[in-house]
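The structure under discussion appears below in the form of structure tokens.
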Amino acid sequence: MNILIRGGRLIDPAQQLDQIGNLYIRGEEILAIDEVPEGFEAEEVIEAEGLVVCPGFIDLCAHVREPGYTQKGNIASETAAAAAGGITTLVTPPTTKPVVDTPAVAELIQDRAAEQGLARVLPMGALTQGLAGEQLAPMHALASSGCIAFTNTRKPVASTLVLLRALEYAATHDLLVIFQAQDQSLSVNGCMHEGATSTRLGLNGISEAAETIEVSRCLMLVEQTGVRAHFGQLSCERSVRLIEAARERGLNVTADVSIQNLLLIDESVSGFDADYHLLPPLRGQLDRAGLRQGLVTDTLQAICSDHQPHEAIAKQAPFAATEPGMSNLETLLSLSLQLVEEQLLELPQVVEKLTLGPARILGLDDGTLEVGTQADICIFDPNEEWRLEPAQMRSGGRNTPFAGKTLKGRVQITLLGGEIVFRR
Amino acid sequence: MSEPINRCPIQLTENGQLRHFLTTEGLPKELLTEILDTADSFVDMSAQQVKKVPLLRGKTVVNLFFEASTRTLSTFELAAKRLSADVLNLNISTSSTKKGETLKDTLMTMRAMHSDMFVVRHSDSGAAHFIAEQVTPDVAVINAGDGRHAHPTQAMLDMLTIRRHKGQFEGLKVAIVGDILHSRVARSQIHALRILGAEEIRVIAPQTLLPRHIESLGARVYTDMNSGLRDVDVVMMLRLQKERMDSALLPSESEFYKLYGLTRDKLAFAKPDAIVMHPGPINRGVEIESAVADGERSVILDQVTNGIAVRMAVMSMAMSGQLAEKNRAQPDIDNLNL
Numbered sequence: 001m002n003i004l005i006r007g008g009r010l011i012d013p014a015q016q017l018d019q020i021g022n023l024y025i026r027g028e029e030i031l032a033i034d035e036v037p038e039g040f041e042a043e044e045v046i047e048a049e050g051l052v053v054c055p056g057f058i059d060l061c062a063h064v065r066e067p068g069y070t071q072k073g074n075i076a077s078e079t080a081a082a083a084a085g086g087i088t089t090l091v092t093p094p095t096t097k098p099v100v101d102t103p104a105v106a107e108l109i110q111d112r113a114a115e116q117g118l119a120r121v122l123p124m125g126a127l128t129q130g131l132a133g134e135q136l137a138p139m140h141a142l143a144s145s146g147c148i149a150f151t152n153t154r155k156p157v158a159s160t161l162v163l164l165r166a167l168e169y170a171a172t173h174d175l176l177v178i179f180q181a182q183d184q185s186l187s188v189n190g191c192m193h194e195g196a197t198s199t200r201l202g203l204n205g206i207s208e209a210a211e212t213i214e215v216s217r218c219l220m221l222v223e224q225t226g227v228r229a230h231f232g233q234l235s236c237e238r239s240v241r242l243i244e245a246a247r248e249r250g251l252n253v254t255a256d257v258s259i260q261n262l263l264l265i266d267e268s269v270s271g272f273d274a275d276y277h278l279l280p281p282l283r284g285q286l287d288r289a290g291l292r293q294g295l296v297t298d299t300l301q302a303i304c305s306d307h308q309p310h311e312a313i314a315k316q317a318p319f320a321a322t323e324p325g326m327s328n329l330e331t332l333l334s335l336s337l338q339l340v341e342e343q344l345l346e347l348p349q350v351v352e353k354l355t356l357g358p359a360r361i362l363g364l365d366d367g368t369l370e371v372g373t374q375a376d377i378c379i380f381d382p383n384e385e386w387r388l389e390p391a392q393m394r395s396g397g398r399n400t401p402f403a404g405k406t407l408k409g410r411v412q413i414t415l416l417g418g419e420i421v422f423r424r
Numbered sequence: 001m002s003e004p005i006n007r008c009p010i011q012l013t014e015n016g017q018l019r020h021f022l023t024t025e026g027l028p029k030e031l032l033t034e035i036l037d038t039a040d041s042f043v044d045m046s047a048q049q050v051k052k053v054p055l056l057r058g059k060t061v062v063n064l065f066f067e068a069s070t071r072t073l074s075t076f077e078l079a080a081k082r083l084s085a086d087v088l089n090l091n092i093s094t095s096s097t098k099k100g101e102t103l104k105d106t107l108m109t110m111r112a113m114h115s116d117m118f119v120v121r122h123s124d125s126g127a128a129h130f131i132a133e134q135v136t137p138d139v140a141v142i143n144a145g146d147g148r149h150a151h152p153t154q155a156m157l158d159m160l161t162i163r164r165h166k167g168q169f170e171g172l173k174v175a176i177v178g179d180i181l182h183s184r185v186a187r188s189q190i191h192a193l194r195i196l197g198a199e200e201i202r203v204i205a206p207q208t209l210l211p212r213h214i215e216s217l218g219a220r221v222y223t224d225m226n227s228g229l230r231d232v233d234v235v236m237m238l239r240l241q242k243e244r245m246d247s248a249l250l251p252s253e254s255e256f257y258k259l260y261g262l263t264r265d266k267l268a269f270a271k272p273d274a275i276v277m278h279p280g281p282i283n284r285g286v287e288i289e290s291a292v293a294d295g296e297r298s299v300i301l302d303q304v305t306n307g308i309a310v311r312m313a314v315m316s317m318a319m320s321g322q323l324a325e326k327n328r329a330q331p332d333i334d335n336l337n338l
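Chains A and B are the protein sequences, given in the same order.
Just so you know, the first sequence maps onto residues 1 to 424 in full-length UniProt numbering.
Just so you know, the second sequence maps onto residues 1 to 338 in full-length UniProt numbering.
See the structure below:
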């Protein structure tokens with residue numbers, strides 16, 4: 001189909017583009033910007049005056065819960081939520097049941113996503129079989145079946161020798177490894193940041209060292225093996241500094257942060273509200289400041305949703321007995337725009353952290369409006385104020401600390417490969 | 001120090017009456033004083049021939065204990081009976097309710113039986129808050145200990161014991177000794193002492209038994225017993241669980257006793273008229289020397305007596321706050337009951 005998106009503010013960090021203009025789409029591709037292509041007849045015209053037109057967002061961490069945990073969400077519901085949030089590509093961790101350690105599971109996830117056709121779902125493969133940290137997962141076969149990266153999730157490989165070998169093997173095949181750093185013994189039973197608030201509430205803390213020690217261990221092995229490595233969802237200021245120092249040494253490592261850790265701190269937990277039970281935990285004020293600084297200095301190249309949908313009952317128990325995480329696909333953009341509101345970043349910089357940044361981390365050519373690339377596009381109103389009503393969420397999980405809050409900035413239309421997959 | 005803000009609005013009615021008792025944190029001084037004054041009158045009454053008052057007549061109190069307890073459970077039971085309530089004791093093992101779903105179901109079931117008050121003990125911090133959120137406004141909730149978070153009736157019986165011996169809180173130096181890390185009692189004591197105006201609150205323990213940033217609650221940290229006890233008016237000992245040795249928090253009981261056990265020698269650093277308290281049950285020769293526990297400065301048995309009175313006070317106050325609130329919420333239904 002030929003689509004003309006007319007008069008929007010085109011923002012594409014990959015081309016350093018920020019101008020009012022027209023965007024022409026033919027079939028699955030972006031055909032032209034501004035100049036009317038010869039013989040182009042629009043079958044649909046989208047009036048985008050006052051709206052931002054940018055590449056569809058690429059989310060580095062979103063749990064889709066299928067297969068295995070469909071009481072929390074499934075590929076249909078979560079990709080619908082993604083489309084409503086302007087997210088066209090999402091990377092999903094292997095913490096399904098069974099875990100993504102066989103090509104069959106990787107293919108099942110992609111097939112289901114393709115059936116729905118609402119978002120591209122890129123599975124991460126398990127680094128070790130069953131995420132047990134003992135034997136290597138068949139990484140080459142998994143990569144051939146579409147796994148974009150490999151991770152052992154928040155189950156750190158206990159044996160440093162096994163971890164070393166996994167990284168060596170990944171490096172052999174030039175595969176990307178993603179770390180979600182958390183030391184096992186320092187976080188056992190923990191349910192929030194260890195600090196004044198955890199002491200006051202008598203909740204078991206997860207110390208900052210639980211993250212920094214694992215980041216340090218992984219960095220040493222990355223340096224030794226030369227593997228392509230990325231650190232997902234950092235939560236501590238000191239972790240940012242460790243990454244910064246490694247990059248200054250010339251190590252090619254990247255890192256991201258979830259928007260919730262950029263906005264909220266541990267004090268929010270004060271009323272035992274289980275919607276604030278997140279993992280990684282909400283940290284202290286200094287950590288939040290350090291993460292924000294890391295975003296500005298580009299030590300953190302991407303912002304992700306760390307979307308973890310849950311059924312209602314998973315949050316209806318005493319705090320420590322509830323399951324961690326928030327449903328965030330539908331709020332990623334609005335929450336990220338808060339950083340513009342607070343004058344930490346300019347609007348194009350936020351768009352970059354949601355598009356080009358994650359694309360480069362994954363080694364994808366997407367995340368741009370360049371002519372000839374696939375037309376994955378988000379059109380949003382940066383000024384619309386709206387109230388987040390959990391009942392209207394498309395995700396299977398309505399667990400969010402922002403329920404009932406007024407947010408600013410809202411997705412209007414999402415295109416995936418030239419098809420309109422969401423329209424408000 | 002700044003005025004403590006009320007961090008737990010759920011436990012008060014709109015008029016500031018107690019409707020649940022979940023934590024001492026953030027409560028106004030007047031309310032804690034009212035609890036102590038009410039309890040004082042019950043202490044005197046309990047010494048009389050007829051020990052019952054009809055304040056909770058026709059009301060059903062359910063002791064929901066998800067964690068084992070004998071002494072707290074029995075004092076709550078006795079307190080409820082002296083207020084003329086019907087009492088049901090339920091011991092529910094935590095393992096079967098670990099998923100929260102069953103906990104919620106248990107609560108709904110008990111509420112459907114038209115219980116008026118739950119006395120709850122649970123191994124998860126915040127469990128009492130969760131339960132109160134689920135059953136408001138039908139049932140009043142008294143926290144009998146949740147995880148490491150709070151044990152407010154224990155703290156208030158300690159406050160009553162201090163007030164009856166020392167007369168007031170102003171000018172008092174109080175030391176809390178032992179396993180602060182795992183102690184819900186210590187946290188509730190610190191909040192109560194601060195609100196009631198104690199001059200100085202000290203915690204004494206090795207670093208392994210001190211939670212991070214405990215000073216943010218308003219306590220001064222000591223790791224040495226002799227300097228920590230110097231010139232204090234009140235020594236509050238905490239119980240040390242045997243399993244602390246297994247989790248590498250302490251090398252041995254004997255080393256703990258040598259450094260932090262309350263012996264006559266160490267007590268000599270406190271004021272000559274200092275009182276010694278312990279929430280019980282006591283580990284003699286681990287936290288405290290027998291001669292001190294049984295000595296003339298020990299008020300440990302007074303604490304037990306005061307415990308019943310404080311629980312009667314809290315239960316009667318929460319019940320009247322709860323009834324006022326319920327009437328506001330469902331005026332028609334309650335008119336029918338009249």
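Just so you know, even glycine gets a beta-carbon here, dropped at the ideal spot from N, CA and C.
Computed from a prediction, not measured in an experiment: that's the story for all the values here.
In the structure shown, the three-state DSSP call for residue 105/A is helix.
According to the DSSP assignment, residue 177/A belongs to no alpha helix (DSSP H) but to the beta strand (DSSP E) extending over 176-179.
For residue 393/A, no alpha helix (DSSP H) run applies, since DSSP gives it neither H nor E.
Look at residue 173/B here: in three-state DSSP terms it is strand. If the five residues before and after residue 170/A are omitted, its C-beta is found closer than 7 Å to the C-beta atoms of 139, 150, 177, 227, all from its own chain and listed in chain order.
From the listed residues 139/B, 215/B, 127/B, the smallest Cα separation to residue 204/B is found for 215/B. DSSP places residue 122/B in the uninterrupted beta strand (DSSP E) bounded by 117-122. For residue 203/A, the neighbours in chain B by C-beta distance under 8 Å run, in chain order, 125, 126, 147, 148, 149. Note that the C-beta distance between residue 75/A and residue 64/A is below 7 Å. Residue-level contact by beta carbon holds for residue 318/A and chain B, with a gap shorter than 7 Å. Residue pairing for residue 419/A: DSSP places it in a beta bridge opposite 416/A.
Listed along chain A, the residues sitting closer than 9 Å to residue 104/B by beta-carbon distance are 313, 316, 317. The C-beta of residue 194/A comes closer than 7 Å to at least one C-beta of chain B.
Separation of the CB atoms of residue 330/A and residue 113/A is rounded to 17 Å, and the pair is thereby denied contact status at 8 Å. Taking all protein chains shown into account, residue 345/A has 16 or more neighbouring C-beta atoms within 10 Å of its C-beta and is therefore buried. For residue 32/A, no chain B residue has a Cβ inside 9 Å of its Cβ, as the nearest lies near 55 Å away.
When C-alpha distances from residue 200/A are compared across 12/A, 272/A, 354/A, the shortest belongs to 272/A. In terms of beta-carbon proximity, residue 199/A lines the interface with chain B, with at least one pair separated by less than 7 Å.
If you draw a straight line from the Cα of residue 415/A to the Cα of residue 31/B, it comes to about 60 Å. Residue burial is scored here from C-beta neighbours: residue 156/B has at least 16 other C-beta atoms within 10 angstroms and is therefore classed as buried.
In terms of Cα proximity to residue 194/B, the closest of 174/B, 211/B, 245/B is 174/B. Of all residues in the UniProt domain "Amidohydrolase 3" (284-422) of chain A, those with a C-beta nearer than 7 Å to a C-beta of chain B are 313, 316, 317, 318, 319, 320, 321, 322, reading in chain order.
The beta carbon of residue 156/A is closer than 7 Å to those of 182, 183, 184, 214 in its chain, skipping five residues each way along the sequence.
When only Cα atoms are considered, residue 322/A and residue 37/A end up about 55 Å apart.
The beta carbon of residue 179/A sits no closer than 7 Å to any beta carbon of chain B.
In the DSSP annotation of this structure, residue 159/A is not part of any alpha helix (DSSP H), being labelled neither H nor E.
Pairing residue 275/B with residue 234/B gives a Cβ-Cβ distance under 7 Å. For residue 124/A, the number of other beta carbons within 10 angstroms of its own is at least 16, and it is reported as buried. For residue 121/B and residue 351/A, the gap between their C-alpha atoms comes out near 49 Å.
The continuous beta strand (DSSP E) containing residue 10/A extends over residues 2-12.
Per DSSP, residue 387/A is one residue of the beta strand (DSSP E) stretching across 377-387. Among the bridge pairs identified by DSSP, residue 128/A is matched with 136/A.
Counting along the chain, no beta strand (DSSP E) covers residue 19/B, and no H or E run does either.
Residue pairing of residue 277/A in beta bridges, as defined by DSSP: absent, with no partner found. With a 10 Å radius around the Cβ and a threshold of 16 neighbouring Cβ atoms, residue 377/A comes out buried. Within the DSSP secondary-structure output, residue 284/B pairs in a beta bridge with 288/B.
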